[in-house]
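Asker: One structure, as structure tokens, below. Some questions next.
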Amino acid sequence: MKSAVPLRLALALAPLAMSASAFAQTMDFDKVAIITEQMAPNLYILSGSAGLDPSHDDAAGGRIGVLAGPDGILMVDAQYAQLSDKVLAAIRRISAGPIRFLVNTHIHRDHTAGNAAFARMGAVIFAREELRDGMLRIAKSPNAAGNPLADPAALPVVTYGMGPPVSIHLDGETVDLIPVRAAHTGGDTMIRFANADVIMIGDFYRNYGYPFIDTNNGGSLKGMLEALDYTMKLSGPDTRLVPGHGTIIKRDDIVPYRDMISATTEKVRGLIAQGRTLDQVLAAKVTASYDAKLAGSTSASSDRFVAEMYEELKGK
Ligand SMILES: [Zn+2]
0 MKSAVPLRLA LALAPLAMSA SAFAQTMDFD KVAIITEQMA PNLYILSGSA GLDPSHDDAA
60 GGRIGVLAGP DGILMVDAQY AQLSDKVLAA IRRISAGPIR FLVNTHIHRD HTAGNAAFAR
120 MGAVIFAREE LRDGMLRIAK SPNAAGNPLA DPAALPVVTY GMGPPVSIHL DGETVDLIPV
180 RAAHTGGDTM IRFANADVIM IGDFYRNYGY PFIDTNNGGS LKGMLEALDY TMKLSGPDTR
240 LVPGHGTIIK RDDIVPYRDM ISATTEKVRG LIAQGRTLDQ VLAAKVTASY DAKLAGSTSA
300 SSDRFVAEMY EELKGK
């Protein structure tokens with residue numbers, strides 16, 4: 000019985016493990032268009048077009064932020080490596096200035112695989128120490144060949160831990176790199192544009208499919224709940240919160256999301272207390288009351304979320 004649990008978890012997590020590599024490789028990057036949305040006079044968000052990325056049908060890859068002005072360009076995240084030319088073309092429609100800084104919200108390749116291309120253009124990459132360590136681990140793994148995250152140029156040059164935010168003053172904007180305790184991954188950062196009143200929050204909030212706690216990369220349920228509380232504390236009522244995927248939200252939109260995670264946590268905790276196995280917990284369909292309301296909800300996305308939650312709660 001004991002060996003069945005990790006196997007079942009492995010199966011539940013399999014679609015996700017593939018989402019970063021196998022899925023991305025099978026998607027048709029030629030068809031992806033980069034859509035630009037202006038958030039403030041000098042701040043833009045770039046997204047890949049919908050219906051092409053099997054990992055996130057709503058938009059291909061993770062959102063990119065572009066702060067542009069007389070001091071040059073700061074980017075948040077760098078998309079899939081296959082889209083670097085299109086991303087650069089979209090940036091050039093905004094500004095001809097030098098791309099000076101690139102900040103990563105977290106390690107996933109739909110946010111970081113373009114790092115090397117932009118570093119070669121002169122961008123200095125900022126990220127959490129944990130993110131850099133994760134890339135070094137990938138570079139040492141037996142199947143590192145061809146992985147854009149294993150390219151030494153992809154590595155962050157400036158790293159930081161859980162201390163106070165790192166602030167970058169550029170183009171009349173104050174950009175705060177705010178570290179988040181292990182949430183979606185172990186190396187998450189929120190990026191706040193103080194004057195624009197915009198925070199790019201990465202993937203610890205997700206309104207397309209169920210939350211993803213990437214425990215293989217150091218993520219945790221506890222940290223995800225903490226990060227959501229922290230985001231609500233940092234935000235005013237009109238602050239625009241830009242997740243890596245899904246729709247742009249405001250502070251109050253976090254409340255039902257956090258409540259869903261808390262309620263699901265309590266259900267799973269109760270089933271664990273009754274001695275239920277992972278298979279039994281998954282069969283109990285504890286997210287059923289949310290499935291119809293949640294865009295991008297699939298049973299694979301629910302099972303992955305519940306399995307990660309089960310493992311973390313069971314471990315305590
Ligand atoms: Zn992610």
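Residue numbers (numbering that gives the first Met the number 0): 0 to 315.
Even for Gly, the Cβ is constructed at its ideal location relative to N, Cα and C.
Specify, as a first and last residue, the run of the beta strand (DSSP E) that Pro255 falls within.
Answerer: Note, Pro255: premise wrong, no beta strand (DSSP E); alpha helix (DSSP H) at 253 to 272.
Asker: Per DSSP, what kind of secondary structure is Ser2 in: helix, strand or coil?
Answerer: For Ser2, the pLDDT reaches just 37, beneath the cut-off of 50, and the residue's location in the model is therefore unreliable, although a value from the coordinates is still provided. Coil.
Asker: Strictly closer than 5 Å from CB to any heavy atom of ligand 1: give me those residues in the order they appear in the chain.
Answerer: Residues flagged by the Cβ proximity filter: His107, Asp202.
Asker: Looking at the secondary structure, which residues open and close the alpha helix (DSSP H) in which Leu130 lies?
Answerer: Residues 128 to 139.
Asker: Could you check what DSSP says for Phe211 in three-state terms: helix, strand or coil?
Answerer: Correct three-state label for Phe211: coil.
Asker: Of all the beta strand (DSSP E) runs that stay within the bounds of the segment 58 to 142, which reach a length of 3 or more residues?
Answerer: Within the segment 58 to 142, the complete beta strand (DSSP E) runs of at least 3 residues are 63 to 66, 72 to 75, 98 to 102, 123 to 127.
Asker: Indicate the three-state DSSP secondary structure (helix, strand or coil) for Pro151 in the structure shown.
Answerer: Here Pro151 sits in helix by DSSP.
Asker: For Met203, which of helix, strand or coil comes out of DSSP?
Answerer: Met is not the amino acid found at residue 203; the sequence shown has Phe there. Note: Phe203 maps to coil in three-state DSSP.
Asker: With a threshold of 7 Å on Cβ separation, who are the neighbours of Gly218 within its own chain once the five nearest residues in sequence on each side are excluded?
Answerer: For Gly218, where only same-chain residues beyond five positions count, the Cβ hits under 7 Å are Ala181, Ala182, His183, Thr184, Gly185, Ile212.
Asker: What number of angstroms, rounded off, separates the C-alpha of Met189 from the C-alpha of Ala306?
Answerer: Going from the Cα of Met189 to the Cα of Ala306 covers about 26 Å.
Asker: Any chance the segment 202 to 210 sits against the segment 283 to 301, with 3 or more Cβ pairs inside 8 Å?
Answerer: Short answer: they touch.
Asker: Apart from the five residues just before and just after Gln279, which ones in its own chain have a Cβ nearer than 6 Å to its Cβ?
Answerer: For Gln279, where only same-chain residues beyond five positions count, there are no Cβ hits under 6 Å.
Asker: Indicate whether the contact test is met: 3 or more Cβ pairs, each with one atom in the segment 252 to 271 and one in the segment 218 to 234, closer than 8 Å.
Answerer: The segment 252 to 271 is in contact with the segment 218 to 234.
Asker: What number of angstroms, rounded off, separates the C-alpha of Lys139 from the C-alpha of Asp150?
Answerer: Those two C-alpha atoms are separated by around 11 Å.
Asker: Applying the criterion that 16 or more other CB atoms from any shown protein chain within 10 Å of the CB defines a buried residue, is Ser300 buried or exposed?
Answerer: With 16 or more Cβ atoms within 10 Å of its Cβ, Ser300 is classed as buried.
Asker: On the CB-based measure, 16 or more other CB atoms within 10 Å of its CB, does Glu311 come out buried or exposed?
Answerer: When all chains shown are included, Glu311 counts as buried.
Asker: If contacts are defined as beta-carbon pairs under 8 Å, then Arg119 and Tyr79 qualify, I think. What distance do you get, rounded to the angstrom?
Answerer: At roughly 16 Å, the Cβ-Cβ gap does not stay under 8 Å, so Arg119 and Tyr79 are not in contact.
Asker: Expressed to the nearest angstrom, what Euclidean distance is found between the alpha-carbon atoms of Ile359 and Ala95?
Answerer: Since the first residue shown for the chain is 0 and the last is 315, residue 359 is missing from the structure and cannot be characterised.
Asker: Go through its chain and collect everything with a Cβ distance to Tyr309's Cβ below 6 Å, but skip five positions before and after it.
Answerer: The answer, listed in chain order, is Val267, Leu277, Val280.
Asker: Name, in chain order, the residues that DSSP records as bridge partners for Ile383.
Answerer: Here the chain has residues from 0 to 315 only, and residue 383 is not among them.
Asker: Tell me Ile220's beta-bridge partners as DSSP assigns them.
Answerer: Just to set this straight, residue 220 is Leu in the shown sequence, not Ile. Leu220 pairs with nothing; no bridge assigned.
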